[in-house]
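Sequences listed follow chains V and G, in order. Position one of the first sequence corresponds to residue 1 (this note's numbering), numbered consecutively onward. Position one of the second sequence corresponds to residue 311 (this note's numbering), numbered consecutively onward. Note that beta-carbon positions come from the ideal geometry of N, C-alpha and C, so glycine has one too.
Number of protein chains: 2
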Amino acid sequence: MKLKVVGVLAYDSITSEFGTKRNIFGGSATYFAISSSYLSNNVRITGAIGKDFNRDDLDILSSRGINIDGVETLDLNTFKWEGKYEINAPNEAITLSNSIIKGEPNVLESYKPILYSKNENKSESYSLFLANADPEHQLDLINQMDKRAKLIGLDTMDFWINNSAESVKRLFPNVDVIIINENEAKLITNENSLRNCINKIQSLGAERIVIKLGNYGLVYASNSTRFFLPAVLVEQVKDPTGAGDSFAGGFMGYLSTVENLTEEEFKEACIYGSVMASFCVEEFGLERLLTLNDSEIENRKNLLINQIKY
Amino acid sequence: MKLKVVGVLAYDSITSEFGTKRNIFGGSATYFAISSSYLSNNVRITGAIGKDFNRDDLDILSSRGINIDGVETLDLNTFKWEGKYEINAPNEAITLSNSIIKGEPNVLESYKPILYSKNENKSESYSLFLANADPEHQLDLINQMDKRAKLIGLDTMDFWINNSAESVKRLFPNVDVIIINENEAKLITNENSLRNCINKIQSLGAERIVIKLGNYGLVYASNSTRFFLPAVLVEQVKDPTGAGDSFAGGFMGYLSTVENLTEEEFKEACIYGSVMASFCVEEFGLERLLTLNDSEIENRKNLLINQIKY
Chain V
1 MKLKVVGVLA YDSITSEFGT KRNIFGGSAT YFAISSSYLS NNVRITGAIG
51 KDFNRDDLDI LSSRGINIDG VETLDLNTFK WEGKYEINAP NEAITLSNSI
101 IKGEPNVLES YKPILYSKNE NKSESYSLFL ANADPEHQLD LINQMDKRAK
151 LIGLDTMDFW INNSAESVKR LFPNVDVIII NENEAKLITN ENSLRNCINK
201 IQSLGAERIV IKLGNYGLVY ASNSTRFFLP AVLVEQVKDP TGAGDSFAGG
251 FMGYLSTVEN LTEEEFKEAC IYGSVMASFC VEEFGLERLL TLNDSEIENR
301 KNLLINQIKY
Chain G
311 MKLKVVGVLA YDSITSEFGT KRNIFGGSAT YFAISSSYLS NNVRITGAIG
361 KDFNRDDLDI LSSRGINIDG VETLDLNTFK WEGKYEINAP NEAITLSNSI
411 IKGEPNVLES YKPILYSKNE NKSESYSLFL ANADPEHQLD LINQMDKRAK
461 LIGLDTMDFW INNSAESVKR LFPNVDVIII NENEAKLITN ENSLRNCINK
511 IQSLGAERIV IKLGNYGLVY ASNSTRFFLP AVLVEQVKDP TGAGDSFAGG
561 FMGYLSTVEN LTEEEFKEAC IYGSVMASFC VEEFGLERLL TLNDSEIENR
611 KNLLINQIKY
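So this is what it looks like as structure tokens:
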């Protein structure tokens with residue numbers, strides 16, 4: 001089944017204890033698409049790039065078999081993000097600047113994502129991931145659906161919760177699984193314990209939730225299941241950028257290949273998501289994600305399963 | 311088999327988002343002994359109290375079947391600790407003051423723990439937990455052993471790592487399992503990733519390690535095993551004080567009843583430790599630990615197992 005992701009393609013400048021990399025290819029949709037491309041051979045990416053965008057970077061997506069018909073080039077600049085990670089807080093990205101803060105004209109100012117790209121077969125089944133974006137745009141994408149996606153995943157971030165909490169909450173009953181991090185879950189619920197976060201997000205109409213705990217793992221919850229999965233114990237976290245989107249890519253990528261979406265399959269998806277995120281953080285940017293092979297993924301999956309075996 | 315704990319009996323004044331409690335009975339040995347008393351009916355506590363100590367609090371220990379022959383009363387005051395927990399950092403106790411900082415004469419100034427209490431049968435097998443204390447005292451206790459304990463567990467804290475790191479490290483090859491929290495593991499190894507912490511602590515001669523991750527769970531490691539166990543998802547963490555010692559109590563308490571210490575039994579011990587810690591944090595001080603029954607413990611164990619089932 002087709003897997004569509006709508007989100008951001010960006011250039012990131014990142015500092016961690018392991019150094020600084022400037023203007024490397026990233027963005028939520030990019031990490032998601034590349035990660036999911038290891039589980040699905042039918043990934044489509046939708047987003048906007050600027051006239052400054054390096055065409056070689058589009059070739060990176062194509063070389064992973066990702067359909068880029070939905071990538072629009074606007075007469076502005078590609079969105080740029082600058083961030084850092086403190087040595088003792090690898091799970092918290094600190095934004096130093098971005099195109100909006102700097103007042104640099106960029107594609108996110110005027111871009112309105114369109115769900116179907118030209119010539120796309122609208123009658124085909126698909127899964128959809130709405131990567132972090134303006135919740136009004138996310139809702140608009142849901143309203144553009146000719147045929148309801150088989151599975152819709154949703155991400156958001158603190159900026160939208162702080163500024164448009166009601167719009168974010170309105171999305172919850174309209175998607176199938178919310179994939180957010182711990183801080184976002186606490187912020188939107190005003191609760192401190194994970195258990196209360198889960199209960200409150202469910203009471204807002206969300207059927208399934210994944211709360212990502214960075215290097216501690218995740219909690220998955222549905223009406224019938226609570227699954228607390230630790231993270232893979234990696235040697236070092238060089239750059240956590242994109243880990244959440246890589247998780248979502250592995251998670252949705254796996255589910256897009258599954259006929260019958262049982263609770264066991266959602267747990268399996270959590271495993272694949274964690275495996276993909278664990279690779280992502282090992283090197284800066286997309287470096288590690290772009291050099292993977294299937295047996296490395298299976299080996300790491302076995303490592304994780306062994307690590308939680310009771 | 312007999313389970314001996316050597317550590318502190320104290321009065322704590324604790325502030326969390328749920329309020330403040332002043333001068334409540336606590337201390338590392340107390341939490342350990344009460345927690346382990348649900349798994350073993352042969353727990354002995356060793357430590358010092360002052361002339362100000364409330365005898366009713368000794369009765370609390372006795373009422374749980376804990377042997378208090380090793381509790382010495384000195385002509386000084388009982389050790390007191392004042393601490394708080396910030397709303398977003400439940401895993402980090404902040405010391406506001408204690409008897410030593412205040413310059414109040416207290417039992418820890420002159421107390422040297424003695425391994426065997428009067429009339430104790432020295433030929434009997436036993437397990438031993440060395441709760442957080444001056445590492446020189448901990449080493450001295452090991453040297454007092456007539457017969458090597460079947461299993462020795464060790465805790466320490468940042469204060470000793472900062473001030474006596476070499477003494478702490480000298481203990482590692484002399485005990486069987488080191489039970490420390492994440493910050494302590496990072497501090498003693500100067501490493502940031504859990505995996506590197508484990509490797510470095512093992513290279514210091516430690517056979518088994520538990521790194522406690524607070525509300526995220528723990529990692530257990532031996533030469534052959536890595537086991538990453540999430541915490542029980544509790545509704546609220548009212549007071550994390552004693553959670554680590556309650557974990558150790560459940561962990562060592564279970565193991566003290568086991569004939570053959572296989573890796574599977576160490577994993578089972580992690581489960582019991584986590585269960586006991588999860589109760590501890592639900593109320594201030596010892597409140598929740600003192601009202602437990604066996605079926606509550608088994609139910610929570612099942613909850614935890616269900617939560618990690620893959």
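Status (buried if at least 16 other CB within 10 Å, exposed otherwise) for residue i
| i | result |
| --- | --- |
| residue 369 (chain G) | exposed |
| residue 144 (chain V) | exposed |
| residue 458 (chain G) | exposed |
| residue 473 (chain G) | exposed |
| residue 106 (chain V) | buried |
| residue 103 (chain V) | exposed |
| residue 96 (chain V) | exposed |
| residue 113 (chain V) | buried |
| residue 366 (chain G) | exposed |
| residue 110 (chain V) | exposed |
| residue 483 (chain G) | exposed |
| residue 336 (chain G) | buried |
| residue 610 (chain G) | buried |
| residue 224 (chain V) | exposed |
| residue 122 (chain V) | exposed |
| residue 589 (chain G) | buried |
| residue 37 (chain V) | buried |
| residue 456 (chain G) | exposed |
| residue 259 (chain V) | exposed |
| residue 518 (chain G) | buried |
| residue 253 (chain V) | buried |
| residue 572 (chain G) | exposed |
| residue 46 (chain V) | buried |
| residue 65 (chain V) | exposed |
| residue 491 (chain G) | buried |
Rounded distance between the beta-carbons of residue j and residue i, thought under 8 Å
| i | j | result |
| --- | --- | --- |
| residue 52 (chain V) | residue 77 (chain V) | 5 Å |
| residue 353 (chain G) | residue 339 (chain G) | Not really, about 10 Å apart at Cβ, beyond 8 Å. |
| residue 537 (chain G) | residue 530 (chain G) | 4 Å |
| residue 441 (chain G) | residue 315 (chain G) | 6 Å |
| residue 321 (chain G) | residue 394 (chain G) | The Cβ separation is near 16 Å, so there is no contact. |
| residue 69 (chain V) | residue 118 (chain V) | 6 Å |
| residue 618 (chain G) | residue 308 (chain V) | 6 Å |
| residue 584 (chain G) | residue 542 (chain G) | 6 Å |
| residue 445 (chain G) | residue 481 (chain G) | 6 Å |
| residue 437 (chain G) | residue 460 (chain G) | 6 Å |
Continuous beta strand (DSSP E) stretch holding residue i: start and end
| i | result |
| --- | --- |
| residue 136 (chain V) | Taken as a continuous stretch (DSSP letters only), residue 136 (chain V) belongs to no beta strand (DSSP E), being part of the alpha helix (DSSP H) at 135-143. |
| residue 79 (chain V) | 79-86 |
| residue 503 (chain G) | Segment: none, residue 503 (chain G) is in no beta strand (DSSP E) and carries neither H nor E. |
| residue 119 (chain V) | That residue, residue 119 (chain V), is in no beta strand (DSSP E); it is neither H nor E in DSSP. |
| residue 439 (chain G) | 436-440 |
| residue 491 (chain G) | 487-491 |
| residue 407 (chain G) | 399-408 |
| residue 154 (chain V) | 151-154 |
Neighbour flag for residue i against chain C, beta carbons, 8 Å
| i | result |
| --- | --- |
| residue 188 (chain V) | Among the protein chains of the structure shown, namely V and G, there is no chain C. |
First through last residue of the alpha helix (DSSP H) which encompasses residue i
| i | result |
| --- | --- |
| residue 305 (chain V) | 294-308 |
| residue 475 (chain G) | 468-481 |
Point to revise | Proximal residues, the region 438-461 of chain G versus chain V, C-beta separation under 9 Å | key: Those would be none; no residue qualifies.
Practice item. Could you name the residues of the region 258-274 of chain V whose beta carbon sits closer than 8 Å to any beta carbon of chain G, in the order they occur along the chain? Key: 267 and 271
Practice item. Quick one: which unbroken alpha helix (DSSP H) runs of 4-plus residues sit fully inside the region 241-273 of chain V? Chain order, please. Key: 243-255
Check your understanding: At which residue ranges does the region 200-239 of chain V contain complete beta strand (DSSP E) runs of 3 or more residues, listed in the order of the chain?
Key -> 208-212, 218-221 and 226-229
Exercise for review: Using a Cβ-Cβ cut-off of less than 8 Å, list which residues of the region 213-242 of chain V approach chain G; keep chain order.
Suggested key: 213, 215, 216, 217, 219, 226, 227, 228, 229, 230, 231, 233, 234, 235, 236 and 237
**Study point:** Against chain G: residues of the region 59-74 of chain V by CB proximity under 9 Å
**Key:** none
Review point. For the region 311-396 of chain G, which segments carrying the alpha helix (DSSP H) assignment without a break, of at least 4 residues, lie completely within its bounds, in sequence order?
Key: Restricting attention to alpha helix (DSSP H) runs no shorter than 4 residues, the region 311-396 of chain G encloses them at 338-346 and 365-373, ordered along the chain.
Exercise for review: Taking only beta carbons into account, state which residues of the region 336-362 of chain G come closer than 7 Å to chain V, listed in chain order.
Suggested key: Going along the region 336-362 of chain G in chain order, one finds no residue with a Cβ nearer than 7 Å to chain V.
Check your understanding: If you measure beta-carbon to beta-carbon, which residues of the region 293-307 of chain V are closer than 8 Å to chain G?
Key -> 305, 306 and 307
Exercise for review: Using a Cβ-Cβ cut-off of less than 7 Å, list which residues of the region 171-196 of chain V approach chain G; keep chain order.
Suggested key: 192, 193, 194, 195 and 196
Point to revise | Residues, ordered as in the chain, of the region 391-402 of chain G that lie near chain V by beta-carbon distance below 7 Å | key: For the region 391-402 of chain G, which is checked against every Cβ of chain V, the residues closer than 7 Å are 397.
Exercise for review: With 7 Å as the C-beta to C-beta threshold (strictly closer), list the residues of the region 245-257 of chain V near chain G in chain order.
Suggested key: none
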